[in-house]
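Notes to accompany the following structure.
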Amino acid sequence: MEHDFLYDAAEGVATITFNRPDVLNALTFEIYAQFRDLMEALRYDDQVKVVILTGAGRAFCSGGDVYDIIGELLEQDVKGHLDFTRMTGATVFNMRNLDKPIIAALNGTTAGAGAVIALASDLRIASEQASFRFLFTNVGLTGADMGAAYLLPRIVGMGRATEILLFGDKITAAEAERIGLVNKVVPHDQLLPAAQEWAARLAGGPTTAISMTKRLLNNEWNMDLVSALESEAQAQALMLMGEDHRIFFEAFKEKQRPKFTGR
């Protein structure tokens, strides 16, 4: 499959690098579609256990390309606009529906759609040079785009999310860490090694249990407590019968490190 971004897979980890550094890795229609479809395809690739997203140059992703997307959309009718916005929504849906952890390694400017792609990831590690901007309202659009109004309050709280989406102000890496928008900030030259370390830990772990954890985190967002407890009871009963749990028990008895199989 041909992509307009870099793709590499090794030792259970797929690394996707947005690769238009001259325009801060701005997205085109084609890149959106390719990325959306790759997130779906990775559901069925048993060789990939974890995904890392990052960008080339000084940006992670600056959002939609002003000329290739915005300029083009201004010439289209309602159906064309709706086809596009539904495609961007499908991109986020496929990320959340992928039952494998996604780590966003944020190397620089993370704005617009790029900021939402970071939100839709499961873990976010930021370079000290990174920054966020949810700038939709600054360009005359709703801040509720691609699921931002759904995802952001669940990460930073409703009050903070409202401020971020209404004003569209720049958020530094340090501020992003303080409000919980990123998991941690590291020196710029340690960004990919830090992401790769986390990815290796996850890829070498009990991957079925990790996938089930992501699935339940997604599913329980809109459940009441009784439904959540029953959902977790059923899921844990399955995991208790899994091979990885038995491997843990045998390794514990032998005082050895468990070697999980993902089953």
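In this text, residue positions in the sequence shown follow my numbering: the first is 256, and each later residue adds one.
Cβ atoms here follow ideal geometry from the backbone N, Cα and C, with glycine treated the same way.
As the structure is a computational prediction, the values presented were derived from the model and not from experiment.
Exercise. When we look at the beta-carbon of V306 and count the other beta-carbons within 10 Å, is it buried (16 or more) or exposed?
Worked result: Counting every other CB atom within 10 Å of its CB across the protein chains shown gives V306 a total of 16 or more, marking it as buried.
Exercise. Excluding five sequence neighbours on each side, which residues of the same chain lie with their C-beta closer than 7 Å to the C-beta of S482?
Worked result: Counting only Cβ-Cβ distances below 7 Å, and skipping sequence neighbours, we find nothing.
Exercise. Distance, Cα to Cα, K425 vs F387?
Worked result: 6 Å
Exercise. Hey, how far is the Cα of W476 from the Cα of Y405?
Worked result: In this structure, the alpha-carbon of W476 lies about 10 Å from that of Y405.
Exercise. Near D323, which residues of its chain fall below 8 Å by C-beta distance, leaving aside the five closest residues on each side in sequence?
Worked result: A281, T283 and F284
Exercise. When the Cβ atoms of the segment 337 to 346 are set against those of the segment 498 to 516, are three or more pairs found closer than 8 Å?
Worked result: The answer is no - the segment 498 to 516 does not touch the segment 337 to 346, with fewer than three Cβ pairs under 8 Å.
Problem set entry | Any alpha helix (DSSP H) of 4 or more consecutive residues that is wholly inside the segment 332 to 364 | Here the runs fully enclosed are 333 to 352.
Problem set entry | Cross-strand partners of D444 (DSSP beta bridge) | For D444, which the question treats as bridged, DSSP gives no partner whatsoever.
For this session: Please confirm whether I440 and E505 have their CB atoms less than 7 Å apart.
Result: Reading the sequence as shown, one finds Val at residue 440 and not Ile. For V440 and E505, no; Cβs fall outside 7 Å.
Exercise. Exposed or buried, which one is Q302 when buried takes at least 16 other CB atoms within 10 Å?
Worked result: exposed
Problem set entry | Segment limits, alpha helix (DSSP H) that includes D263 | Careful: D263 lies outside any alpha helix (DSSP H), inside the beta strand (DSSP E) at F260 to A265.
Problem set entry | Rounded C-alpha distance that separates P356 from S466 | 7 Å
Exercise. Using 7 Å as the limit for Cβ to Cβ distance, is A458 near chain C?
Worked result: Looking for chain C here will not work: only one protein chain is present.
For this session: Please report the residue range of the beta strand (DSSP E) in which A521 lies.
Result: Look at the range of the chain in this structure, 256 to 518, and you will see that residue 521 is not part of it.
Exercise. Could you check where the beta strand (DSSP E) with S382 kicks off and where it finishes?
Worked result: L378 to S382
Exercise. The alpha helix (DSSP H) spanning T516 covers which residue range?
Worked result: Premise fails: T516 is in no alpha helix (DSSP H) and is neither H nor E.
For this session: Identify every run of the alpha helix (DSSP H) within the segment 381 to 442, keeping only runs that are complete inside it and at least 4 residues long; order them along the chain.
Result: 403 to 411, 413 to 422 and 428 to 433
For this session: Go to A269, then tell me how far its beta strand (DSSP E) extends in each direction, as first and last residue.
Result: V268 to F273
Problem set entry | Environment of A265 [buried if 16+ CB atoms lie within 10 Å] | By the neighbour-count definition (other C-beta atoms within 10 Å, threshold 16), A265 is an exposed residue.
Exercise. Among all the DSSP beta bridges, which residues are the ones paired with L282?
Worked result: G319, per the DSSP bridge assignment.
For this session: On a CA-only basis, which of A429, R470 and P461 is nearest M231? Give me that one, please.
Result: Only positions 256 to 518 of the chain appear in the structure, and residue 231 is not among them; the question remains open.
For this session: Please name the residue, chosen from M494, V278, T343 and A403, that lies closest to G519 on a Cα-to-Cα basis.
Result: Any property of residue 519 remains undetermined from this structure, which presents the chain solely from 256 to 518.
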